[in-house]
Structure formats: C-alpha cells, structure tokens
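Here the structure is laid out as structure tokens; the discussion comes afterwards.
Protein chains: 2
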Amino acid sequence: MDPISRLIRELARLPGIGQKTATRLAFHVLRAPAPQVRDLAQALHEVKEKIRLCSHCMNLTEHDPCALCADASRDGRVICVVAHPPDLLAIERTSSFRGRYHVLHGVLSPLDGVGPDDLKLRELLLRVQGKPQHISDEEDEAALSSQPANQPAITEIIVATSPNVEGEATAMYIARMLKPLGLRVTRIASGLPIGGELEYADGITIARALEVRREI
Amino acid sequence: MDPISRLIRELARLPGIGQKTATRLAFHVLRAPAPQVRDLAQALHEVKEKIRLCSHCMNLTEHDPCALCADASRDGRVICVVAHPPDLLAIERTSSFRGRYHVLHGVLSPLDGVGPDDLKLRELLLRVQGKPQHISDEEDEAALSSQPANQPAITEIIVATSPNVEGEATAMYIARMLKPLGLRVTRIASGLPIGGELEYADGITIARALEVRREI
C-alpha cells in the first residue's frame with residue numbers, strides 16, 4: 019500500500035472522519051509545510067507517551083499529581099465527579115467551580131457491559147475515606163507518597179455526569195455508595211438540556227447547573 | 019503547553035477541523051490503542067518523506083515514474099489534464115479513461131495571484147513536444163533517463179479542470195498554448211454541475227463528461 023493510501027486509511031479510522039474527509043486531509047497534509055506535519059505527528063506521539071492518570075483525581079495529566087490536584091488554592095473539601103476528562107475541561111472553562119475533581123472514565127451502562135468495576139469508583143471511595151488509592155506501578159507509588167499529608171476532609175461530592183439514563187444511574191450509585199459515610203452528595207441541576215452531553219453544553223448553562231445543584 | 023493542548027492545537031490547524039472536533043479527536047487518540055496512533059503518526063511522517071512528483075505527469079508518487087506512467091497498457095497518445103491529484107483519483111475510480119494524465123497543481127486564478135508559471139504548464143508543453151521536462155535534482159534526472167525512448171506522440175489533450183471560472187480560464191489557456199502544435203485539445207463536457215468541484219462529483223457524471231467531451 020502506498021504512503022498516501024496508508025495515510026487516508028489511518029485518518030479514516032478517526033471518529034467522524036469518513037473516506038472523503040480523510041482524502042481531503044491527506045492531500046492537505048501533502049501540501050502543508052513539513053514542520054507543521056512533523057509537529058502533528060510529534061504531538062500524536064507525545065500524547066501517548068507522556069499522558070497518564072493523576073493518582074489523586076484520575077484525570078489525564080503529564081505530571082502526577084495533576085495541576086488541579088497540586089493547586090493549593092482550590093477547595094479540597096468539595097469533589098466534582100465527572101464521567102470523562104473533556105467534561106472536566108468544560109466545567110473549568112466556566113471558572114465557576116474552585117473545588118477538586120474525580121474522573122470516572124465512563125458511566126454505568128449495563129447494556130454496554132460497563133459495570134462499577136470498569137469505572138474509577140473504587141478510587142473515589144478510597145479517596146473520600148482518606149486511604150491511598152490502588153496504584154498499579156512503582157513510579158506512581160512514589161508520586162503518591164509525595165501527596166501532602168494535610169488534605170482536608172472531603173465534605174461534599176457533586177456528581178456532574180450528563181443528565182441522561184447512564185449519567186443518572188451513575189449518580190444514584192455514587193449517592194448510595196457515599197451517603198452512608200456521612201458525605202453530602204449533590205447533583206448538578208438539570209438546567210442542562212435533558213438527553214444532551216455535558217461536554218458540549220454552553221458555559222452559562224453549566225455554571226447555572228452547578229449553582230442550583232440539588233441533594234440526592 | 020501540555021501534550022493534550024498541543025495535540026488539540028495541531029489538529030485544529032487541519033482544514034475543516036475546529037476547536038471542538040480537535041478536542042474530540044485528541045481524547046479519542048488518548049483512548050485509542052497505542053499501535054493505531056503510532057501508525058497514524060508514522061503515516062503522516064512517511065507521506066512527507068516518501069512522496070514526490072512523477073517526472074512525467076507531475077502526479078504525487080512514491081516511485082518515479084509513477085504507476086500510471088509506467089503502465090504500458092495505457093494509451094500514451096491521450097493526456098488528461100487535471101488541476102489536483104484528487105481529481106486524477108476521481109477519474110481513475112470511474113475506470114472510464116485509459117490514457118495518461120498531467121497534473122497542473124492548481125488553476126489560473128489572477129485574483130489569488132496564481133499565474134501560468136505557478137502551474138505545471140511548462141512541463142506539459144515540454145512533454146507534448148517530446149522534450150525532457152525541467153527537473154530540479156539529480157535523483158530525478160536519473161529517473162528521467164530511465165524513460166522508455168519509444169513514447170508514442172501525443173495527439174489529444176483532454177482538459178479536465180473543474181467547470182468553474184478558474185477551470186475554464188485554465189482550459190482556454192491550454193488550448194491556446196497547444197493548438198498551434200497541431201494537437202487536438204478537448205474539454206470534458208459540463209455534465210458536471212456548473213460551479214461544483216470535480217473531486218466530489220459522482221462517477222457516472224464524470225464518465226459521461228469524459229465521453230461527450232467537446233472541441234475547444
């Protein structure tokens with residue numbers, strides 16, 4: 019297979035990129051300045067090499083702990099739980115939340131075979147209990163030991179999963195898991211359009227939904 | 019800048035990819051299997067490293083002469099002139115043309131500052147005159163010398179630029195340049211939707227337009 023066909027095939031494997039778009043992109047790449055294409059290839063490579071999970075909040079990060087967990091000015095008593103890293107970015111863009119986060123990397127979806135063990139729920143439980151979270155390799159163990167000892171006790175969990183069936187089910191599961199520990203578990207208000215995706219909601223709607231969150 | 023933001027920025031530089039699509043693609047890349055991402059980065063790299071212009075038809079190719087120019091079963095007496103490499107692929111997909119090609123790498127567009135010297139028009143003239151085309155480096159010189167000596171004389175030039183203002187102007191320019199040499203210069207019929215782009219036309223329309231080409 020020649021290099022152009024190979025590039026078209028690889029581009030067409032990306033989500034939302036069909037054969038025609040892949041062809042258009044490939045010929046753009048052929049015309050583009052070499053440094054620009056090298057930068058893109060390098061960025062693809064680096065993102066896979068350097069990005070891992072923050073041992074505290076499970077967000078994607080280059081350095082462990084991540085910038086948000088390392089930021090002493092943020093309120094460690096309130097944890098906002100999101101399904102995916104882009105959801106976290108969407109909330110950060112509104113500048114309306116100054117607590118910390120926990121990324122589940124999915125939502126409960128029995129039809130798709132996604133159960134509690136497939137999400138970072140155990141890590142959330144250990145985190146609110148103040149216990150070290152399960153860590154898979156030694157490098158991360160070292161990073162964890164650098165965790166400041168004076169973490170404030172967590173008092174509130176805001177569940178900011180999308181307001182659809184899976185998101186609601188995940189919120190209910192978290193409430194049942196954490197309320198027995200005496201924690202306040204809240205849900206962002208569904209000022210968000212029902213059935214929509216958090217990632218694509220506008221900032222004002224997200225900020226409003228955070229503000230009028232309700233007890234669950 | 020962290021690797022994720024850098025990847026989003028590089029992806030957003032591609033045509034038709036905005037900030038949101040770039041973000042979606044970047045997080046897909048983070049979740050995708052490492053070999054798949056490595057293949058994409060590699061394909062981007064290779065396409066810039068290995069692809070150059072065929073010294074005969076100016077099409078993009080890995081090997082010089084390209085597969086189409088090296089194919090002895092094709093009719094070397096008829097040359098189909100296209101603006102861009104994807105146009106050539108669109109015609110090839112119809113399997114309705116068995117001659118050879120010449121790729122201009124653009125169309126005349128005075129408003130955009132594209133004049134005859136910016137296109138591969140000089141190479142087309144030298145080619146129909148049976149003279150070696152201007153070649154920039156020694157490797158290509160060597161490739162050219164491997165050209166079979168018994169190339170048949172070219173008798174017809176089919177101008178298959180898109181049927182819009184720039185494409186028509188380019189066709190007229192080619193007709194004025196080549197008709198004094200006693201060549202038949204034809205134009206694909208505008209069975210193609212006027213104002214549209216050849217690259218995206220359906221195969222039947224392209225085949226029909228080739229078939230009922232007219233003298234210019």
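Residue numbers (my numbering), protein chains in the order written: chain A, 19 to 234; chain B, 19 to 234.
By construction, the Cβ of each residue, glycine as well, lies at the ideal position given by its N, Cα and C atoms.
Hey, residue 100 (chain B) and residue 106 (chain B): beta-carbon distance below 7 Å or not? yes
Comparing alpha-carbon positions, which option in B:203, B:198, B:199 and B:225 lies nearest residue 210 (chain B)? B:225
Kindly indicate the opening and closing residues of the alpha helix (DSSP H) around residue 46 (chain A). 37–49
Interface flag, residue 25 (chain A) vs chain B, CB-CB below 7 Å: yes
Rounded straight-line distance, which links the Cα of residue 108 (chain A) to that of residue 184 (chain B): 44 Å
Own chain partners of residue 214 (chain A) with C-beta closer than 8 Å, once the 5 adjacent residues on each side are dropped: 180, 181 and 182
Which runs of the beta strand (DSSP E) at least 3 residues long sit entirely within the stretch 23–107 of chain A? Give them in chain order. 93–100
Determine the DSSP secondary structure at residue 161 (chain B), reduced to helix, strand or coil. Here the model assigns residue 161 (chain B) a pLDDT of 48, short of 50, so the residue's position is not dependable and the matter cannot be decided.
In chain order, what residues of the same chain have a beta carbon less than 8 Å from the beta carbon of residue 157 (chain A), not counting five sequence neighbours either side? Residue placement at residue 157 (chain A) is poorly supported in this model, since its pLDDT is 48, which falls under 50; the coordinates are not used for a value here.
Along the stretch 54–65 of chain A, where does the CB come closer than 7 Å to a CB of chain B? Name the residues. 54, 55, 57, 58, 59, 61, 62, 63, 64 and 65
Going by beta carbon distance, what residues of the same chain come within less than 6 Å of residue 217 (chain A), once the five residues before and after it are set aside? 104, 105 and 108
Indicate the three-state DSSP secondary structure (helix, strand or coil) for residue 125 (chain A) in the structure shown. coil
Between the stretch 35–48 of chain B and chain A, which residues of the former have a C-beta closer than 9 Å to a C-beta of the latter? 35, 38, 39, 41, 42, 43, 44, 45, 46, 47 and 48
If we call anything under 7 Å between Cβ atoms a contact, is residue 204 (chain B) one with residue 233 (chain B)? yes
Could you name each continuous alpha helix (DSSP H) segment of 4 residues or more that falls completely within the stretch 184–229 of chain B, going from the start of the chain to the end? 221–229
Since residue 75 (chain A) and residue 46 (chain A) are thought to touch, with beta carbons under 8 Å apart, how far apart are those beta carbons, to the nearest angstrom? Residue 75 (chain A) to residue 46 (chain A), Cβ: 37 Å. No contact.
So what does DSSP say about residue 231 (chain A), is it helix, strand or coil? coil
What are the boundary residues of the beta strand (DSSP E) that includes residue 132 (chain B)? Unbroken run through residue 132 (chain B): none, as it is neither H nor E.
If the criterion is Cβ atoms closer than 7 Å, does the pair residue 175 (chain B) and residue 196 (chain B) meet it? yes
For residue 118 (chain A) and residue 201 (chain A), I'd like the C-alpha separation in whole angstroms. 15 Å
Cutoff 8 Å; reference residue 69 (chain B); Cβ partners in own chain excluding five residues on either side: 78, 79 and 80
DSSP beta-bridge partners of residue 118 (chain B): B:97
Which of helix, strand or coil does DSSP assign to residue 172 (chain B)? coil
In the DSSP output, what is residue 177 (chain B) paired with across the bridge? B:99 and B:205
Tell me the rounded alpha-carbon separation between residue 136 (chain B) and residue 188 (chain B). 12 Å
Using beta-carbon positions only, say whether residue 37 (chain B) and residue 30 (chain B) come within less than 7 Å of one another. yes
For the alpha helix (DSSP H) holding residue 143 (chain A), just list the boundary residues, first then last. 139–146
Neighbourhood of residue 208 (chain B) by C-beta distance below 6 Å, restricted to the same chain and skipping five residues each side: 181
Spatial neighbours of residue 87 (chain B) within its chain, please: C-beta separation below 7 Å, excluding the five flanking residues on both sides. 72, 74, 75 and 118
Please list, in chain order, all residues of the same chain as residue 85 (chain B) whose beta carbon is under 8 Å from its beta carbon, the five residues on each side excluded. 79
Would you check if the distance between the CB atom of residue 55 (chain A) and the CB atom of residue 66 (chain B) is smaller than 7 Å? yes
With DSSP as the reference, label residue 21 (chain B) as helix, strand or coil. helix
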